[in-house]
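Undergrad:
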Amino acid sequence: MGSVIAETFADAGYQVIIVGRSAERLDAAKQQLQSRPGRSIATLPGDVGRRSECDRIATEVERQFGRLDSLVNCVGASDRGLADELDAERLRELIDQNVTTALLCCQALRGLLERSGGSVVNIGSLAGKVGARYLGGYNVAKHALTGLTQQLRLEWRERGIHVALVSPGPIRREDAGTRYRDRADGSLPASASAPGGGTKVKGLAPQRVARIVLQCARRRRTDVILPGYLRLLIVLGNAFPRLGDWLLIKFTS
């Protein structure tokens, strides 16, 4: 998803900086992204789970490029499991990956974003809007990211920084349905290893999600749910919790 977002912004004329812990993987991603002429891609190795590293990245962005117009936080990890079997350490890992990384990047890069009147786009999930079954601590982490995004949007409004959330359903990928089989033990149905924990929502093309992320940065859209028709179901589910539970059961195997 991050790679597709990077190429979408690059094709729209942005100079893109991709950040990750592995310099080797960053170089490989840069080569792949620059295979199409006209794209401007730079890399900055760093661990965005550490504030000192985020501060160093912010310093390098200012030194090398002079400004920052958009920050896209798309670090994250999903999971499978039952809530009553959720290990506290695993929950901390998921929160660190899905929430803390976004918080630290926002804090470190706030000055640059305020100077440009820029945008932050956090990549959430449908699991940050509803408490779907079989997703372990992923629901908790993405709900926390949803709350953090709104809080930042309200607090940074006066600073001229726009903060958006994109909450997609399952993304189409080559390993869909197989990468969580090792976590689907006897306490979970076989369908739990499927995208979205067995949701009946059709997988989204990553290019579609990336275009929405670009719109949030450029047009300052606030909170986008994909697919869009689920927004009404989520609203109804929040207004009428019993109906919401019934809908969730109907939409998951």
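Residue numbering for the sequence shown follows the UniProt record's numbering, beginning at 1 and increasing consecutively. Just so it is clear, CB atoms sit at the ideal spot from N, CA and C, and this is done for glycine as well.
Return the CA-CA distance between SER35 and ALA29, expressed in angstroms with no decimal places.
TA: Roughly 10 angstroms between the two C-alpha positions.
Undergrad: Beta-carbon separation of ASP223 and ALA164 under 8 angstroms?
TA: Their beta carbons are under 8 angstroms apart, which means ASP223 touches ALA164 by this criterion.
Undergrad: Where DSSP assigns a beta bridge to THR43, which residues make up the other side?
TA: According to DSSP, THR43 bridges with ILE18.
Undergrad: Taking ALA12 and LEU214 to be in contact with their CB atoms under 8 angstroms, please state how far apart those CB atoms are, rounded to whole angstroms.
TA: Their Cβ separation, rounded to whole angstroms, is 6 angstroms, which keeps ALA12 and LEU214 in contact under 8 angstroms.
Undergrad: Cα separation between TYR229 and GLN64?
TA: About 42 angstroms.
Undergrad: Since residue 298 and ALA210 should fall inside the 8 angstroms C-beta cutoff, what is the C-beta to C-beta distance between them, to a whole number of angstroms?
TA: Only positions 1 to 253 of the chain appear in this structure, which leaves residue 298 out of reach.
Undergrad: Please report how far the alpha carbon of LEU145 lies from the alpha carbon of PRO37, in whole angstroms.
TA: Each residue's Cα considered, the two are about 35 angstroms apart.
Undergrad: Give the list of continuous beta strand (DSSP E) stretches no shorter than 3 residues that lie fully inside the region 92-163.
TA: Within the region 92-163, the complete beta strand (DSSP E) runs of at least 3 residues are 119-123.
Undergrad: Would you call the region 59-74 and the region 115-131 in contact, with 3 or more CB pairs under 8 angstroms?
TA: Because the criterion of three Cβ pairs below 8 angstroms is met, the region 59-74 and the region 115-131 touch.
Undergrad: Would you call the CB atoms of GLU62 and LEU26 closer than 8 angstroms?
TA: No; because the gap between Cβ atoms is not below 8 angstroms, this pair is not in contact.
Undergrad: Grouping DSSP H, G and I as helix and E and B as strand, with all else coil, what is PRO170?
TA: Here PRO170 sits in coil by DSSP.
Undergrad: Using the Cβ count rule (16 or more neighbours within 10 Å means buried), how would you classify ARG80?
TA: With 16 or more other Cβ atoms within 10 Å, it is buried.
Undergrad: Helix, strand or coil: which one does DSSP assign to ASP223?
TA: Of the three classes helix, strand and coil, the one that applies to ASP223 here is strand, per DSSP.
Undergrad: Where does SER191 fall in DSSP's three states?
TA: SER191 falls in the helix class under three-state DSSP.
Undergrad: Where DSSP assigns a beta bridge to ASN73, which residues make up the other side?
TA: Paired residues: ASN122.
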